[in-house]
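Chains as they are written, first to last, in the numbering used here: chain E, 1226 to 1345; chain H, 24 to 113.
Idealized CB from N, CA, C, for every residue including glycine.
For clarity, every value in this text was computed on a predicted model and none was experimentally measured.
#1: Could you tell me which residues DSSP pairs with residue 102 of chain H in its beta bridges?
#2: What do you reckon, are the CB atoms on residue 91 of chain H and residue 42 of chain H nearer than 8 Å?
#3: Apart from the five residues on each side of it in sequence, which residues of its chain come closer than 8 Å, Cβ to Cβ, to residue 1278 of chain E?
#4: Using Cβ-Cβ distances below 9 Å, what residues of the region 67 to 91 of chain H are close to chain E?
#5: Of all the beta strand (DSSP E) runs that stay within the bounds of the region 53 to 97 of chain H, which reach a length of 3 or more residues?
#6: Let me see if you follow: with CB-CB separation under 8 Å, is residue 65 of chain H close to chain E or not?
#7: Using a C-beta to C-beta distance shorter than 8 Å, which residues of chain H count as neighbours of residue 1231 of chain E?
#8: How big is the Cα-Cα spacing for residue 1268 of chain E and residue 1305 of chain E?
#9: Does chain E have any CB closer than 8 Å to the CB of residue 38 of chain H?
#10: Drop a sphere of 10 angstroms on the beta-carbon of residue 1280 of chain E, count the other beta-carbons inside from all chains shown, and report buried for 16 or more, exposed for fewer.
#11: Enumerated in chain order, which unbroken segments of the alpha helix (DSSP H) with a length of 4 residues or greater are wholly contained in the region 1256 to 1336 of chain E?
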C-alpha cells in the first residue's frame, strides 16, 4: 500500500508501521531441505554476482521495488529469481528475447520437472 | 566529543537505505566506520564513489516522541554521510 504522506516510500521501508500480532509459525522441521530449483536459484545468484553482472544492492533494489503483493504472494526464492533475472537482463547477460526463446524450448520438453530437466 | 547530526528529510524515489522513520531526527555520531561504495549507486549497477559511513545513536524519545515506551533507550543506525547534516543547520 502506498503511504499517502510519502508516495516515494518503498514497501521494504516499513519500520515504525503498526505490525499487529506476531503470527505463530509452524515448528521448523529439522528435515526441511530446499528443493532443487531453489538451490539452483541460490547458485545463479552466486555465479551472477561473481561474474560482475550485479551486486547484492542491485538484487535488493529490485526486491524492494516489487511492491506489497510480491511479499504476500510469492515465496522467498520466487522473489529472488525475479530479481536475479531482472538484474541479469540489465547487466547484459542475455536479452528478454533470448529468455523467451529458452523458456519456450523448455516448456516444449514437457510438463514434469524430470521431463523439462533432460535435454531432448 | 560527540557530534550532533540530523538525518536529512529528503524523500527521493528510488533505492535508498536510510529508514523513513529516522529522517529529520537528530542523533549523535557514535563512531565513524570508514568509507564504503555508495549502495545507492551499486543498486543501479553504476560506478560507486566511496562515502563515509557513520553509526548514529538516537534516543527513543527523539525517534518516537510520546509513543516511546522507554524514552531513554537508544537505537544505533548506520547512515551514510550524504544523508546527514549538522543538527544546528536550519
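Walking through what the data contain:
#1: Translated into positions along the second chain, residue 102 of chain H becomes position 79. Under DSSP, residue 102 of chain H takes part in a beta bridge, and its partners are H/77.
#2: Mapped onto the second chain, residue 91 of chain H falls at position 68. Mapped onto the second chain, residue 42 of chain H falls at position 19. The answer is no: Cβ separation not under 8 Å.
#3: In the first chain, counting from the first residue as 1, residue 1278 of chain E sits at position 53. Closer than 8 Å at the Cβ level, and outside the excluded window around residue 1278 of chain E, lie 1312, 1313, 1316, 1317, 1318.
#4: 67, 68, 71, 86, 87
#5: 73 to 82
#6: Within the second chain, residue 65 of chain H is the residue found at index 42, counting from 1. Yes, residue 65 of chain H lies at the interface with chain E (some Cβ there is under 8 Å from its Cβ).
#7: Here the question's residue 1231 of chain E lines up with position 6 in the first chain. Within 8 Å Cβ-Cβ: 34, 43.
#8: Here residue 1268 of chain E refers to the residue found at position 43 of the first chain. Here residue 1305 of chain E refers to the residue found at position 80 of the first chain. Spanning the two alpha carbons is a distance of roughly 11 Å.
#9: The count along the second chain starts at 1 and reaches residue 38 of chain H at position 15. At least one C-beta of chain E is nearer than 8 Å to the C-beta of residue 38 of chain H.
#10: Along the first chain, one-based indexing puts residue 1280 of chain E at 55. Label assigned to residue 1280 of chain E: buried.
#11: 1261 to 1275, 1281 to 1290, 1293 to 1298, 1301 to 1316, 1321 to 1334
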